[in-house]
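Report on one structure; see the data block that follows.
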Amino acid sequence: MAKSSQKTEKAAPVPEKKPQGGASDGKMGIYEYEQKYVRRQNVRGAKFALRLVAALVGVFLFAVLALISLDVYKINEYVGYGVGGVCLLLYIFIFIVPLCKIMKSDYFITNVNGFTAREAQRHNRRLRHDIAEKIIDLTAKVEGVGWYDSQVVGQLAIASKTGDEDGVRKCLTELYEGSVKKSAKDLIFKSSLKSATYSMVSQAAKVDAALIVVVNLQLIKDLIFLYGFRPSDARLVKIFGRVLTNSLTAYGLGSMNVGNTVVKTMGEAVRDIPILGSAIAALVDSSVQGLVNATLTTVIGYQTIKYLNKEYKLQDILDGVDVSETPVELEQACTELETQLKKKKKLAPAV
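To convert, take the position in the sequence shown, counting from 1, and add 5; that gives this note's numbering.
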(Lines of atoms letter the chains of each structure in order from A and count residues from 1; the text may use other names and numbers.)
(Lines give C-alpha, C1' and ligand atoms only; values in the text may rest on other atoms or scores of the structure.)
Protein backbone atom coordinates (compact mmCIF):
# COMPACT_ATOMS: atom_id res chain seq x y z
CA MET A 1 0.00 0.00 0.00
CA ALA A 2 1.50 3.36 -1.12
CA LYS A 3 2.26 5.85 1.55
CA SER A 4 0.42 9.13 1.37
CA SER A 5 2.60 11.80 -0.22
CA GLN A 6 0.57 14.68 1.08
CA LYS A 7 2.54 17.24 3.16
CA THR A 8 1.01 18.89 6.13
CA GLU A 9 1.06 22.60 5.68
CA LYS A 10 2.07 24.76 8.66
CA ALA A 11 -0.58 27.14 9.80
CA ALA A 12 0.27 30.75 9.07
CA PRO A 13 1.07 32.71 12.24
CA VAL A 14 -1.88 34.77 13.42
CA PRO A 15 -0.89 38.42 13.76
CA GLU A 16 -1.07 39.60 17.36
CA LYS A 17 -3.85 42.09 17.92
CA LYS A 18 -2.81 45.40 19.38
CA PRO A 19 -4.93 46.99 22.04
CA GLN A 20 -7.49 49.33 20.65
CA GLY A 21 -6.39 52.93 20.92
CA GLY A 22 -2.69 52.04 21.34
CA ALA A 23 0.09 53.58 19.28
CA SER A 24 1.46 51.67 16.32
CA ASP A 25 5.09 51.84 17.53
CA GLY A 26 4.42 50.16 20.89
CA LYS A 27 3.94 53.40 22.82
CA MET A 28 0.90 53.84 25.00
CA GLY A 29 -1.84 55.73 23.16
CA ILE A 30 -3.73 58.61 24.70
CA TYR A 31 -6.98 56.64 24.91
CA GLU A 32 -5.23 53.82 26.75
CA TYR A 33 -3.74 56.41 29.13
CA GLU A 34 -7.22 57.88 29.67
CA GLN A 35 -8.66 54.47 30.44
CA LYS A 36 -5.94 53.60 32.97
CA TYR A 37 -5.12 56.83 34.75
CA VAL A 38 -7.65 59.59 34.07
CA ARG A 39 -10.52 60.30 36.43
CA ARG A 40 -13.28 62.59 35.27
CA GLN A 41 -13.07 65.88 37.14
CA ASN A 42 -14.75 69.23 37.05
CA VAL A 43 -11.73 71.55 36.79
CA ARG A 44 -13.67 74.67 37.78
CA GLY A 45 -15.37 72.76 40.56
CA ALA A 46 -11.99 71.65 41.93
CA LYS A 47 -10.69 75.24 41.92
CA PHE A 48 -13.83 76.46 43.70
CA ALA A 49 -13.63 73.65 46.27
CA LEU A 50 -9.94 74.43 46.90
CA ARG A 51 -10.69 78.09 47.57
CA LEU A 52 -13.64 77.18 49.77
CA VAL A 53 -11.69 74.74 51.95
CA ALA A 54 -8.73 77.14 52.20
CA ALA A 55 -11.18 79.88 53.25
CA LEU A 56 -12.70 77.58 55.91
CA VAL A 57 -9.23 76.87 57.33
CA GLY A 58 -8.56 80.62 57.36
CA VAL A 59 -11.87 81.44 59.06
CA PHE A 60 -11.26 78.78 61.70
CA LEU A 61 -7.75 80.07 62.45
CA PHE A 62 -8.98 83.68 62.56
CA ALA A 63 -11.78 82.69 64.96
CA VAL A 64 -9.33 80.88 67.25
CA LEU A 65 -6.95 83.86 67.33
CA ALA A 66 -9.90 86.19 67.99
CA LEU A 67 -11.00 84.02 70.95
CA ILE A 68 -7.47 84.08 72.37
CA SER A 69 -7.45 87.89 72.09
CA LEU A 70 -10.89 88.07 73.73
CA ASP A 71 -9.73 85.96 76.67
CA VAL A 72 -6.83 88.36 77.25
CA TYR A 73 -9.13 91.38 76.78
CA LYS A 74 -11.35 90.13 79.63
CA ILE A 75 -8.33 90.17 81.90
CA ASN A 76 -6.91 93.52 80.75
CA GLU A 77 -8.43 95.78 78.14
CA TYR A 78 -5.24 97.40 76.87
CA VAL A 79 -3.25 94.19 76.82
CA GLY A 80 -6.15 92.62 74.93
CA TYR A 81 -5.90 95.26 72.21
CA GLY A 82 -2.17 94.64 71.97
CA VAL A 83 -2.61 90.87 71.72
CA GLY A 84 -5.31 91.41 69.08
CA GLY A 85 -2.91 93.45 66.94
CA VAL A 86 -0.19 90.84 67.33
CA CYS A 87 -2.65 88.06 66.38
CA LEU A 88 -3.65 89.99 63.25
CA LEU A 89 -0.01 90.30 62.16
CA LEU A 90 0.56 86.63 62.97
CA TYR A 91 -2.48 85.70 60.88
CA ILE A 92 -0.96 87.45 57.87
CA PHE A 93 2.49 85.91 58.25
CA ILE A 94 1.56 82.41 59.38
CA PHE A 95 -1.49 81.85 57.18
CA ILE A 96 -1.90 84.32 54.30
CA VAL A 97 1.77 84.28 53.22
CA PRO A 98 2.23 80.45 53.27
CA LEU A 99 -1.15 79.95 51.58
CA CYS A 100 -0.25 82.36 48.76
CA LYS A 101 3.08 80.57 48.23
CA ILE A 102 1.33 77.20 48.03
CA MET A 103 -1.35 78.41 45.62
CA LYS A 104 1.16 80.20 43.35
CA SER A 105 3.25 77.04 42.93
CA ASP A 106 2.77 75.23 39.63
CA TYR A 107 1.64 71.61 39.28
CA PHE A 108 1.84 68.82 36.71
CA ILE A 109 -1.22 68.42 34.49
CA THR A 110 -1.99 64.70 34.30
CA ASN A 111 -5.77 64.46 34.14
CA VAL A 112 -6.07 64.93 30.37
CA ASN A 113 -7.90 63.70 27.29
CA GLY A 114 -7.08 63.51 23.59
CA PHE A 115 -7.68 67.23 23.13
CA THR A 116 -5.59 68.49 26.06
CA ALA A 117 -2.80 65.90 26.21
CA ARG A 118 -0.35 67.59 23.84
CA GLU A 119 -0.57 70.95 25.63
CA ALA A 120 -0.21 69.16 28.99
CA GLN A 121 2.96 67.45 27.76
CA ARG A 122 4.46 70.80 26.79
CA HIS A 123 3.45 72.36 30.11
CA ASN A 124 4.92 69.45 32.09
CA ARG A 125 8.23 69.63 30.22
CA ARG A 126 8.52 73.34 30.99
CA LEU A 127 7.73 72.68 34.63
CA ARG A 128 10.36 69.92 34.79
CA HIS A 129 12.98 72.37 33.52
CA ASP A 130 11.83 75.03 36.01
CA ILE A 131 12.13 72.50 38.86
CA ALA A 132 15.58 71.50 37.66
CA GLU A 133 16.72 75.14 37.58
CA LYS A 134 15.37 75.78 41.09
CA ILE A 135 17.17 72.74 42.52
CA ILE A 136 20.43 73.63 40.77
CA ASP A 137 20.20 77.26 41.89
CA LEU A 138 19.35 76.39 45.51
CA THR A 139 22.17 73.84 45.75
CA ALA A 140 24.68 76.33 44.32
CA LYS A 141 23.64 79.36 46.39
CA VAL A 142 22.65 77.91 49.77
CA GLU A 143 25.49 76.19 51.59
CA GLY A 144 24.69 73.18 53.73
CA VAL A 145 21.08 72.88 52.63
CA GLY A 146 21.60 69.11 52.37
CA TRP A 147 18.27 68.40 50.71
CA TYR A 148 19.58 67.13 47.39
CA ASP A 149 22.35 64.73 46.38
CA SER A 150 25.05 67.09 45.03
CA GLN A 151 26.41 64.51 42.59
CA VAL A 152 23.00 63.98 40.97
CA VAL A 153 22.42 67.75 40.95
CA GLY A 154 25.71 68.14 39.04
CA GLN A 155 24.47 65.65 36.43
CA LEU A 156 21.15 67.49 36.33
CA ALA A 157 22.96 70.78 35.65
CA ILE A 158 24.81 69.24 32.70
CA ALA A 159 21.63 67.69 31.28
CA SER A 160 19.71 70.97 31.66
CA LYS A 161 22.46 73.04 30.03
CA THR A 162 22.84 70.68 27.05
CA GLY A 163 19.06 70.35 26.56
CA ASP A 164 19.10 66.61 27.34
CA GLU A 165 15.40 66.00 28.06
CA ASP A 166 15.85 62.34 29.03
CA GLY A 167 18.79 63.27 31.26
CA VAL A 168 16.76 65.90 33.12
CA ARG A 169 13.92 63.45 33.66
CA LYS A 170 16.20 60.66 34.87
CA CYS A 171 18.10 62.94 37.28
CA LEU A 172 14.88 64.33 38.76
CA THR A 173 13.49 60.81 39.18
CA GLU A 174 16.70 59.74 40.93
CA LEU A 175 16.51 62.74 43.26
CA TYR A 176 12.85 62.14 44.11
CA GLU A 177 13.46 58.47 44.83
CA GLY A 178 16.60 59.15 46.87
CA SER A 179 17.70 62.33 48.65
CA VAL A 180 14.38 64.21 48.29
CA LYS A 181 12.46 61.30 49.82
CA LYS A 182 14.86 61.25 52.78
CA SER A 183 14.69 65.04 53.20
CA ALA A 184 10.88 64.93 53.09
CA LYS A 185 10.80 62.35 55.89
CA ASP A 186 13.13 64.56 57.97
CA LEU A 187 10.83 67.56 57.46
CA ILE A 188 7.79 65.51 58.50
CA PHE A 189 9.55 64.21 61.62
CA LYS A 190 10.64 67.71 62.70
CA SER A 191 7.15 69.15 62.15
CA SER A 192 5.53 66.28 64.06
CA LEU A 193 7.95 66.84 66.93
CA LYS A 194 7.01 70.54 66.94
CA SER A 195 3.31 69.65 67.11
CA ALA A 196 3.91 67.33 70.07
CA THR A 197 6.11 69.81 71.93
CA TYR A 198 3.81 72.80 71.40
CA SER A 199 0.76 70.81 72.52
CA MET A 200 2.48 69.60 75.67
CA VAL A 201 3.54 73.16 76.56
CA SER A 202 0.37 75.09 75.61
CA GLN A 203 -2.24 73.08 77.58
CA ALA A 204 -5.00 75.15 75.92
CA ALA A 205 -7.49 73.94 73.32
CA LYS A 206 -7.56 77.17 71.32
CA VAL A 207 -3.78 77.49 71.22
CA ASP A 208 -3.44 73.82 70.20
CA ALA A 209 -5.87 74.27 67.33
CA ALA A 210 -4.07 77.37 66.05
CA LEU A 211 -0.67 75.70 66.32
CA ILE A 212 -1.86 72.65 64.38
CA VAL A 213 -3.05 74.83 61.49
CA VAL A 214 0.22 76.76 61.44
CA VAL A 215 2.53 73.73 61.70
CA ASN A 216 0.56 71.69 59.15
CA LEU A 217 0.43 74.55 56.67
CA GLN A 218 4.13 75.25 57.09
CA LEU A 219 4.91 71.57 56.52
CA ILE A 220 2.90 71.49 53.29
CA LYS A 221 4.66 74.65 52.08
CA ASP A 222 8.10 73.21 52.92
CA LEU A 223 7.39 69.92 51.13
CA ILE A 224 6.16 71.78 48.04
CA PHE A 225 9.31 73.93 48.09
CA LEU A 226 11.44 70.80 48.45
CA TYR A 227 9.79 69.03 45.49
CA GLY A 228 9.48 72.17 43.38
CA PHE A 229 5.79 71.72 42.55
CA ARG A 230 2.46 71.31 44.33
CA PRO A 231 -0.31 68.72 44.05
CA SER A 232 -3.18 69.45 41.66
CA ASP A 233 -6.25 71.37 42.83
CA ALA A 234 -8.34 68.24 43.43
CA ARG A 235 -5.66 66.65 45.63
CA LEU A 236 -4.84 69.89 47.43
CA VAL A 237 -8.51 70.08 48.44
CA LYS A 238 -8.09 66.76 50.27
CA ILE A 239 -4.90 67.94 51.99
CA PHE A 240 -6.46 71.22 53.18
CA GLY A 241 -9.53 69.29 54.28
CA ARG A 242 -7.23 67.13 56.41
CA VAL A 243 -5.64 70.27 57.92
CA LEU A 244 -9.10 71.52 58.93
CA THR A 245 -10.00 68.11 60.40
CA ASN A 246 -6.72 67.97 62.33
CA SER A 247 -7.24 71.43 63.84
CA LEU A 248 -10.82 70.59 64.87
CA THR A 249 -9.59 67.33 66.41
CA ALA A 250 -6.88 69.22 68.32
CA TYR A 251 -9.47 71.71 69.58
CA GLY A 252 -11.83 68.96 70.68
CA LEU A 253 -9.07 66.96 72.34
CA GLY A 254 -7.79 70.03 74.16
CA SER A 255 -11.29 70.70 75.49
CA MET A 256 -11.50 67.18 76.93
CA ASN A 257 -10.06 66.48 80.37
CA VAL A 258 -8.46 63.13 79.60
CA GLY A 259 -6.17 63.17 82.64
CA ASN A 260 -8.98 63.57 85.16
CA THR A 261 -10.73 60.52 83.73
CA VAL A 262 -7.55 58.47 84.17
CA VAL A 263 -7.07 59.75 87.74
CA LYS A 264 -10.67 58.83 88.64
CA THR A 265 -10.09 55.24 87.56
CA MET A 266 -7.11 55.07 89.95
CA GLY A 267 -9.52 55.44 92.90
CA GLU A 268 -8.10 55.29 96.41
CA ALA A 269 -4.50 55.48 95.24
CA VAL A 270 -4.67 59.23 94.57
CA ARG A 271 -7.83 60.29 96.35
CA ASP A 272 -5.96 61.55 99.39
CA ILE A 273 -3.13 63.11 97.36
CA PRO A 274 -4.75 65.94 95.34
CA ILE A 275 -1.43 67.41 94.22
CA LEU A 276 -0.32 64.05 92.85
CA GLY A 277 -3.69 63.57 91.16
CA SER A 278 -3.46 66.98 89.46
CA ALA A 279 0.09 66.27 88.31
CA ILE A 280 -0.91 62.93 86.82
CA ALA A 281 -3.91 64.51 85.07
CA ALA A 282 -1.77 67.27 83.55
CA LEU A 283 0.89 64.78 82.47
CA VAL A 284 -1.63 62.43 80.81
CA ASP A 285 -3.45 65.30 79.09
CA SER A 286 -0.27 66.77 77.65
CA SER A 287 1.07 63.37 76.57
CA VAL A 288 -2.16 62.37 74.82
CA GLN A 289 -2.55 65.74 73.09
CA GLY A 290 1.10 65.78 72.03
CA LEU A 291 1.00 62.24 70.65
CA VAL A 292 -2.28 62.73 68.77
CA ASN A 293 -1.27 66.08 67.27
CA ALA A 294 2.11 64.71 66.22
CA THR A 295 0.39 61.74 64.54
CA LEU A 296 -2.05 64.02 62.71
CA THR A 297 0.84 66.13 61.42
CA THR A 298 2.66 62.99 60.25
CA VAL A 299 -0.45 61.92 58.32
CA ILE A 300 -0.58 65.33 56.60
CA GLY A 301 3.07 65.06 55.57
CA TYR A 302 2.85 61.56 54.14
CA GLN A 303 -0.41 62.33 52.35
CA THR A 304 1.28 65.32 50.69
CA ILE A 305 4.37 63.42 49.50
CA LYS A 306 2.16 60.55 48.34
CA TYR A 307 0.26 62.90 46.01
CA LEU A 308 3.45 64.63 44.85
CA ASN A 309 5.13 61.33 43.96
CA LYS A 310 1.99 60.01 42.27
CA GLU A 311 1.59 63.06 40.05
CA TYR A 312 5.28 63.10 39.14
CA LYS A 313 5.06 59.45 38.02
CA LEU A 314 1.87 60.16 36.06
CA GLN A 315 3.47 63.06 34.16
CA ASP A 316 6.43 60.78 33.39
CA ILE A 317 4.04 58.22 31.89
CA LEU A 318 2.12 60.93 30.02
CA ASP A 319 5.37 62.28 28.55
CA GLY A 320 5.85 58.96 26.73
CA VAL A 321 2.26 58.73 25.49
CA ASP A 322 1.68 58.98 21.74
CA VAL A 323 -1.06 61.57 21.25
CA SER A 324 -1.23 61.21 17.45
CA GLU A 325 -4.16 59.40 15.93
CA THR A 326 -3.40 55.84 14.80
CA PRO A 327 -4.91 54.44 11.55
CA VAL A 328 -7.28 52.27 13.60
CA GLU A 329 -8.50 55.27 15.63
CA LEU A 330 -8.91 57.38 12.48
CA GLU A 331 -10.93 54.62 10.82
CA GLN A 332 -13.14 54.31 13.91
CA ALA A 333 -13.72 58.07 13.96
CA CYS A 334 -14.68 58.12 10.26
CA THR A 335 -17.04 55.16 10.71
CA GLU A 336 -18.72 56.80 13.69
CA LEU A 337 -19.11 60.06 11.75
CA GLU A 338 -20.61 58.24 8.79
CA THR A 339 -23.09 56.43 11.06
CA GLN A 340 -24.19 59.68 12.69
CA LEU A 341 -24.69 61.37 9.31
CA LYS A 342 -26.85 58.49 8.06
CA LYS A 343 -29.02 58.72 11.19
CA LYS A 344 -29.52 62.45 10.72
CA LYS A 345 -30.37 61.92 7.05
CA LYS A 346 -33.09 59.43 7.97
CA LEU A 347 -34.54 61.74 10.60
CA ALA A 348 -34.50 64.79 8.31
CA PRO A 349 -37.97 65.68 6.91
CA ALA A 350 -38.43 65.07 3.19
CA VAL A 351 -38.58 68.27 1.09
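Where a beta carbon is used, it is the ideal one built from N, C-alpha and C, also for glycine.
- If you look at Pro103, you'll find it in the alpha helix (DSSP H) that goes 102 to 109.
- In this structure, the alpha-carbon of Phe230 lies about 16 Å from that of Ile101.
- For Ser184, same chain residues with a beta-carbon under 8 Å away, outside a window of 5 residues either side, are Trp152, Tyr153, Asp154, Val157 in chain order.
- Residue environment for Thr340: exposed (fewer than 16 other C-beta atoms within 10 angstroms of its C-beta).
- In the DSSP annotation of this structure, Gly151 is not part of any alpha helix (DSSP H), being labelled neither H nor E.
- Each residue's CA atom was taken as its position, placing Leu319 and Asp227 some 22 Å apart.
- The shortest C-alpha to C-alpha distance from Ile322 to any of Thr178, Leu55, Ala137, Ile97 is the one to Thr178.
- Taking the C-beta atoms as reference points, Gly306 is found no nearer than 8 Å to Leu249.
- By a beta-carbon distance limit of 8 Å, Gly325 does not contact Lys109. Their separation comes to about 29 Å.
- Measuring C-alpha to C-alpha distances from Leu241 to each of Leu132, Val173, Ala210, Ile310 identifies Ile310 as the nearest.
- Judged by DSSP secondary structure, Asp227 falls within the alpha helix (DSSP H) whose first and last residues are 210 to 232.
- Contact between the segment 110 to 117 and the segment 37 to 50 is present: 3 or more CB-CB pairs across the two stretches fall below 8 Å.
- Residue pairing by DSSP places Asp327 opposite Gly34 in a beta bridge.
- Distance from the CA atom of Leu180 to the CA atom of Ser200, rounded to whole angstroms, is 28 Å.
- Counting along the chain, Gly172 sits inside the alpha helix (DSSP H) bounded by residues 170 to 182.
- DSSP, read as helix, strand or coil, puts Tyr112 in coil.
- When C-alpha distances from Gly159 are compared across Gly149, Asp142, Asp171, the shortest belongs to Asp142.
- Counting only residues of its own chain and dropping the five nearest sequence neighbours on each side, Tyr203 has a CB closer than 6 Å to the CB of Leu216.
- Counting along the chain, the unbroken alpha helix (DSSP H) around Arg49 starts and ends at 48 to 80.
- The DSSP-derived three-state label of Gly119 is coil.
- Annotated as distal: Ala239 and Asn298, with beta-carbon spacing of 8 Å or more.
- Taking a C-beta distance under 8 Å as the contact criterion, Val173 and His134 qualify as a contact pair.
- In the three-state scheme derived from DSSP, where H, G and I count as helix and E and B as strand, Val43 is classed as coil.
- Looking from the CA of Arg235, the closest CA among Ile107, Phe120, Lys175, Gly90 belongs to Ile107.
- Residue burial annotation: Val150 is exposed, with fewer than 16 other C-beta atoms found within 10 angstroms of its C-beta.
- With a contact defined as Cβ atoms closer than 8 Å, Val220 and Ile73 miss out at about 16 Å.
- The residues Val218, Phe245, Val248, Leu249, in chain order, have a CB closer than 7 Å to that of Val62 in the same chain once the five nearest residues on each side in sequence are set aside.
- If you compare the alpha carbons of Glu148, Val147, Glu182, Lys139 with that of Ala162, the shortest gap goes to Lys139.
- DSSP places Arg127 within a helical segment (H, G or I) once states are collapsed to three.
- DSSP places Ser196 in the helix class (H, G or I) of the three-state scheme.
- Going by beta carbons, Leu75 and Tyr96 fall outside the 8 Å limit.
- In this structure Tyr86 is exposed. Its beta-carbon is surrounded by fewer than 16 other beta-carbon atoms within 10 angstroms.
- In terms of CA proximity to Leu94, Leu66 leads the group Leu66, Lys243, Val304.
- In this structure, Lys175 is the residue among Phe120, Lys175, Glu148 with its C-alpha nearest to the C-alpha of Arg130.
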